[in-house]
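Report on one structure; see the data block that follows.
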Ligand code: ADP
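Below you can see the structure in the form of structure tokens.
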């Protein structure tokens, strides 16, 4: 297996503040879909910025496809990583969907004759090929994020990091992004590594691997069933379980393992809205 990202003995602090990371280690294989979860302020976005080389580790090393991140390699490393952010409206520069996808290609100085087929291909992968001439701001949140994903895909990254990319979407929008990510995984296999930073455990459960961090420390790391099976650790770290997991735990915690209808409704009302 090829290693996509390796983080060794990472230490990071913003200016004079306390360390966000202190001896943090993580390896991610190429082709893996990793959900990075943890409550607010646990260090998820900081980790994404460090991997992108937007901020520099105070100590330790970050290696991307065997290349240690430093001033000489940062440009090349960044070319291999695509980012999708939380707010779909902040990610558009083009007057049409196609222009928007073209923008990154122009920056890469791709010959304009090559662009239409690359744009088509990227939009087709995310199911937005029929929206090429639409104005981005007229699209739904989920459609906008799919265009943002197409703009990233057109640049043929080896790693895509989605930082709370579904947080501002309605349930339909979320579902289409999750379906798109599953489709990407099928289509690209070992060629594409996905890192989804999320609060939503129903999304995290779809990943190959769930990494839970709290205060810059790795608290759980494993398959979704391994991680969500440790519901006591999840709860201690202020995290919920995916809906189905939460339900199972709550049902199980009843002494007789059985709830009548009224009790069930009561339990359900405690669950995530
Ligand atoms: P998460 O993405 O998990 O919500 P962050 O990586 O944004 O967490 O934040 C980790 C810690 O770093 C928090 O204590 C936060 O207050 C702090 N932090 C984040 N960004 C900055 C910044 N630009 N300057 C100073 N402290 C920051």
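Numbering (this note's numbering), first residue to last: 253 to 525. Note that CB positions come from ideal geometry on N, CA and C, so glycine has one too. Everything numeric in this text was worked out from a predicted model, so none of it was measured.
Cα atoms of residue 299 and residue 282: separation of roughly 18 Å, rounded to the nearest angstrom.
As a beta-bridge residue in DSSP terms, residue 273 pairs with 264.
Going by C-alpha positions, residue 415 is about 27 Å away from residue 385. Residue 394 sits in a helix when the DSSP states are folded into three classes.
With at least 16 other beta carbons inside 10 angstroms of its own, residue 458 counts as buried.
In the structure shown, the three-state DSSP call for residue 365 is coil. Ranked by Cα distance from residue 355, the first of 435, 429, 271, 407 is 407. With respect to residue 288, residue 463 sits close: the two C-beta atoms are nearer than 7 Å. Ligand 1 has a heavy atom closer than 6 Å to the beta-carbon of residue 266. The beta carbon of residue 352 sits closer than 7 Å to the beta carbons of 344, 345, 346, 388, 399, 403 from its chain, once the five residues preceding and following it are set aside; these are given in chain order. Beta-bridge partners of residue 461 (DSSP): 286. Exclusion of the five residues before and after residue 330 leaves 304, 305 as the residues of its chain whose Cβ lies within less than 7 Å of its Cβ.
Rounded to the nearest angstrom, the gap between the Cα atoms of residue 259 and residue 279 is 6 Å. Between the segment 436–455 and the segment 417–427, the count of Cβ pairs shorter than 8 Å is three or higher; the stretches touch.
Within the same chain, Cβ atoms closer than 8 Å to the Cβ of residue 380 are found at 349, 395, 398, 399, 402, the five residues on either side in sequence being excluded.
By the CB criterion at 7 Å, residue 316 and residue 295 fall outside the cutoff.
Of the residues assessed, residue 428 falls on the buried side of the cut-off, its CB having 16 or more other CB atoms within 10 angstroms.
In terms of Cα proximity to residue 490, the closest of 291, 285, 257 is 291.
Annotation: the segment 396–450 contains the following complete segments of the alpha helix (DSSP H) (minimum length 4 residues), in chain order: 423–440. By DSSP's assignment, residue 338 forms no beta bridge with any residue. Going by DSSP, residue 473 is part of no alpha helix (DSSP H) but of the beta strand (DSSP E) stretching over 469–474. Residue 293 has its CB nearer than 6 Å to a heavy atom of ligand 1.
In this chain, residue 303 is not harboured by any beta strand (DSSP E); it is covered by the alpha helix (DSSP H) spanning 296–303.
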